[in-house]
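Protein chains in written order, with our numbering: chain A, 156 to 619; chain B, 156 to 619.
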């Protein structure tokens with residue numbers, strides 16, 4: 156086995172290894188050199204790596220190896236590496252390289268990267284790095300931090316290339332050629348009026364295809380999407396995806412240009428938001444592969460505690476039928492089937508609903524169709540599994556009435572699963588609660604309680 | 156309530172509605188105009204909309220409204236709308252506008268968009284549209300379709316702006332100005348040698364910042380990441396995220412440039428892959444909010460069938476202890492608690508593992524730490540909930556031995572949940588099975604069987 160990552164798709168392992176600078180061989184060599192205290196070898200191994208690979212290497216080491224690496228690397232560590240580090244590793248790394256080196260590295264970055272890094276730090280570290288920065292850069296970062304967390308104002312870069320609409324293509328190119336502090340990466344020039352209101356944008360690819368005398372006003376796209384700096388990053392991502400945007404102007408509440416968001420900034424947000432939903436549905440919050448044991452425990456405990464409460468609620472329902480179970484013990488054998496099928500069907504519906512809500516696919520026009528479809532699915536699946544589970548019960552215990560009770564309870568629970576699987580996320584949303592976080596608990600509680608109640612209740616009524 | 160989408164974040168509804176062209180008011184007006192058969196009104200309402208909004212509108216209508224809209228719009232429908240439609244709506248829309256109009260629209264697009272659309276169609280429709288296309292464009296699309304589904308070859312656009320390394324900035328800009336079939340959107344010029352091998356790339360933003368006599372060889376970035384056309388799109392997305400790429404060259408097996416992938420193509424892939432994992436973990440496959448009832452049923456049935464089998468397996472375990480339950484009916488009341496807690500803890504671990512695998516975060520160096528952490532979490536949570544559930548049982552049934560059995564079974568099941576929650580996805584991956592798809596079934600089977608077995612087994616041994 157020669158792939159460096161445990162990966163689901165193994166076919167092109169060979170091609171892959173040549174695309175990633177960080178191979179298991181490099182990793183092993185660095186670890187040996189670290190153990191030997193061989194500073195020159197470590198530097199020779201690390202310095203040719205892409206900053207992303209240097210960040211990856213840092214993540215692969217354990218804590219003592221990491222601090223030794225930092226000491227040995229010193230100035231050889233590429234400052235860009237900071238932008239690729241995950242939060243937990245970032246703090247450790249900044250502490251290791253010291254506030255002054257960190258501040259020097261951060262000043263070199265575009266403002267969105269700088270803010271990305273500084274917002275992850277705790278107050279003390281943040282202050283010590285800000286204090287080491289020149290006043291102008293510090294001001295920019297502090298202004299960025301004044302926007303709410305996860306807002307467009309935090310995502311955006313302040314460095315925007317702007318031009319008035321009456322400029323020609325030639326004038327614009329000459330102007331840009333004369334600048335020496337252009338942003339590292341941008342795809343459009345924003346066209347503004349004297350009050351810094353955005354009139355449109357011109358993509359660089361379009362600018363380059365036009366003759367020098369052409370005026371920007373003739374080739375600019377007048378894009379409707381201007382993003383308020385306070386907009387939540389999730390909304391920004393949705394807007395970018397919906398309109399296939401590449402760059403968008405960010406404006407303040409007076410409609411003046413304050414920055415720009417580009418599609419590459421949005422990639423991370425999309426990934427973050429999808430991960431949040433996935434984790435929330437499974438009852439796990441805010442973890443990384445390197446979270447400490449304590450952090451991981453905290454992230455899991457609260458959900459398990461809630462689950463214990465709901466499980467006890469379901470058990471209380473069972474407790475109501477102790478007599479019935481004592482007389483017909485087959486009920487105890489069969490009852491988890493009803494609850495489990497309901498829980499699974501409900502989770503399916505909840506997941507589809509949460510995803511549709513996250514993608515803003517449920518409009519008032521489509522919502523009725525969605526609810527009706529889920530209800531029908533619940534009913535048809537209910538019929539199918541009522542028959543199947545009824546047959547299983549009949550052949551197992553040879554009791555037709557028991558089989559009928561099983562069938563009716565199954566049908567009821569799967570219909571309830573469909574109804575509450577849509578109703579719960581929609582209701583949570585209406586009350587401003589993130590449906591991804593709370594839906595799973597509610598749905599399993601409902602299907603457990605309803606499942607046990609109908610099955611044991613019907614049994615108590617008809618079989619005794 | 157005036158927001159158009161049922162949305163989790165409601166704060167800036169006002170700002171939002173101005174950013175989306177498709178408002179509930181427009182929707183309502185279009186529906187009225189459609190019902191009145193008022194063609195001119197429909198066209199007046201739809202034509203100012205952004206193609207993405209036109210696509211959204213199409214999605215909000217029901218099928219009869221949709222076909223009426225197509226007939227009324229005719230040539231007013233912006234061809235770009237096709238690129239924004241979801242698969243199911245796309246087929247309906249293409250059928251409504253006819254193969255020739257569709258072919259004319261597709262010829263205008265960049266090749267990646269054209270292939271995106273054509274690959275969604277069934278064979279018959281595909282052939283009829285291809286037959287209506289000019290030979291040159293047809294060839295490009297057919298070549299694109301020759302790459303495997305979900306590969307880099309399908310994602311890429313064939314239109315790439317290339318230049319030799321010895322050209323100057325001025326020469327390059329003059330050349331581009333002379334071209335009239337430049338791609339719609341690109342961010343870099345690829346620098347190639349006479350054999351079309353990629354030497355590096357020059358970002359447009361960099362090109363524009365340099366003096367005319369500067370040679371491309373002096374300013375090009377020599378990027379190591381060149382993507383084989385057969386690479387899976389998931390790997391492409393990981394590569395883009397890892398190295399924060401904006402454009403990457405796609406090469407054939409001889410290393411020659413065949414196309415280019417840009418970050419905006421990757422956005423959709425990231426979203427698609429995250430959705431696949433989310434849905435797979437919940438046992439739902441390949442659905443959209445508009446899937447028919449039949450498609451939805453199929454997507455859910457197989458998983459529920461598997462779940463029925465595992466639930467029956469758990470019930471068989473319970474069946475082994477019928478006598479025990481008949482004598483101590485409290486066992487029937489308490490046993491779902493053990494199983495449910497194990498299932499939830501296991502799902503938490505599985506989800507974290509699946510996500511880490513998807514992001515290629517588990518290297519051989521970090522994997523042991525991850526397994527150990529999950530094992531410790533299982534053990535500590537096991538102790539906490541052994542005590543809690545033991546106390547609950549004691550106060551409920553006043554039986555210390557029963558409480559002890561509960562505590563031990565809970566501890567055992569949460570440890571097993573931690574162990575198998577990591578072991579199952581890792582093992583599935585090793586055998587080339589997508590861990591997102593199969594892990595959930597396995598983990599709940601394990602925790603149900605182990606939960607009932609230890610709880611009832613211990614009870615049979617110690618309490619009778």
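Think of the CB as a built atom: it goes at the ideal place given N, C-alpha and C, for glycine as much as any other residue.
Buried or exposed (CB count within 10 angstroms, at least 16 for buried), residue i
i, result
"residue 550 of chain B", "exposed"
"residue 112 of chain A", "The requested residue 112 of chain A does not occur in the structure, where chain A is confined to residues 156 to 619."
"residue 366 of chain A", "exposed"
"residue 595 of chain A", "buried"
"residue 187 of chain B", "exposed"
"residue 349 of chain B", "exposed"
"residue 373 of chain A", "exposed"
"residue 191 of chain B", "exposed"
"residue 264 of chain A", "buried"
"residue 459 of chain B", "buried"
"residue 478 of chain B", "exposed"
"residue 182 of chain B", "buried"
"residue 597 of chain B", "buried"
"residue 221 of chain B", "buried"
Limits of the alpha helix (DSSP H) - the one that residue i falls within
i, result
"residue 403 of chain B", "First-last for residue 403 of chain B: 402-406, but that is the beta strand (DSSP E), not the alpha helix (DSSP H)."
"residue 179 of chain A", "179-190"
"residue 447 of chain B", "No alpha helix (DSSP H) contains residue 447 of chain B, which DSSP labels as neither H nor E."
"residue 476 of chain B", "Taken as a continuous stretch (DSSP letters only), residue 476 of chain B belongs to no alpha helix (DSSP H), as it is neither H nor E."
"residue 594 of chain A", "590-617"
"residue 216 of chain A", "Neither: residue 216 of chain A is in no alpha helix (DSSP H) and is coded neither H nor E."
"residue 248 of chain A", "242-252"
"residue 586 of chain A", "It is not in any alpha helix (DSSP H) - residue 586 of chain A carries neither H nor E in the DSSP assignment."
"residue 372 of chain B", "371-374"
"residue 197 of chain A", "194-201"
"residue 381 of chain B", "Element bounds for residue 381 of chain B: n/a, residue is neither H nor E."
For residue j and residue i, the rounded distance between their alpha carbons
i, j, result
"residue 306 of chain B", "residue 351 of chain B", "21 Å"
"residue 467 of chain B", "residue 429 of chain A", "34 Å"
"residue 340 of chain B", "residue 401 of chain B", "12 Å"
"residue 388 of chain A", "residue 309 of chain B", "30 Å"
"residue 490 of chain A", "residue 440 of chain B", "28 Å"
"residue 413 of chain A", "residue 304 of chain A", "17 Å"
"residue 267 of chain B", "residue 299 of chain B", "8 Å"
"residue 556 of chain A", "residue 565 of chain A", "14 Å"
"residue 580 of chain A", "residue 447 of chain A", "32 Å"
"residue 612 of chain B", "residue 499 of chain B", "22 Å"
"residue 504 of chain A", "residue 529 of chain A", "7 Å"
"residue 314 of chain B", "residue 204 of chain B", "28 Å"
"residue 202 of chain A", "residue 184 of chain A", "14 Å"
"residue 419 of chain A", "residue 395 of chain A", "11 Å"
"residue 486 of chain A", "residue 559 of chain B", "25 Å"
"residue 234 of chain A", "residue 257 of chain A", "8 Å"
"residue 606 of chain A", "residue 545 of chain A", "15 Å"
"residue 450 of chain B", "residue 215 of chain A", "44 Å"
Residue i vs residue j beta-carbon contact at 8 Å
i, j, result
"residue 422 of chain B", "residue 421 of chain A", "yes"
"residue 526 of chain B", "residue 577 of chain B", "yes"
"residue 237 of chain B", "residue 272 of chain B", "yes"
"residue 385 of chain A", "residue 354 of chain A", "no"
"residue 344 of chain A", "residue 320 of chain A", "no"
"residue 484 of chain A", "residue 480 of chain B", "yes"
"residue 532 of chain A", "residue 455 of chain B", "yes"
"residue 225 of chain B", "residue 248 of chain B", "yes"
"residue 292 of chain B", "residue 262 of chain B", "yes"
"residue 602 of chain A", "residue 494 of chain A", "yes"
"residue 403 of chain A", "residue 393 of chain A", "no"
"residue 575 of chain B", "residue 524 of chain B", "no"
First through last residue of the beta strand (DSSP E) which encompasses residue i
i, result
"residue 415 of chain A", "412-417"
Item to check | Sequence ranges, beta strand (DSSP E) only - wholly within the stretch 259-311 of chain B, length at least 3 | outcome: none
Item to check | Ranges of the beta strand (DSSP E) found wholly within the stretch 315-369 of chain B, counting only runs of at least 3 | outcome: 343-347, 353-358
Item to check | Completely contained alpha helix (DSSP H) runs for the stretch 481-569 of chain B, where each covers 4 or more residues | outcome: 485-513, 519-552
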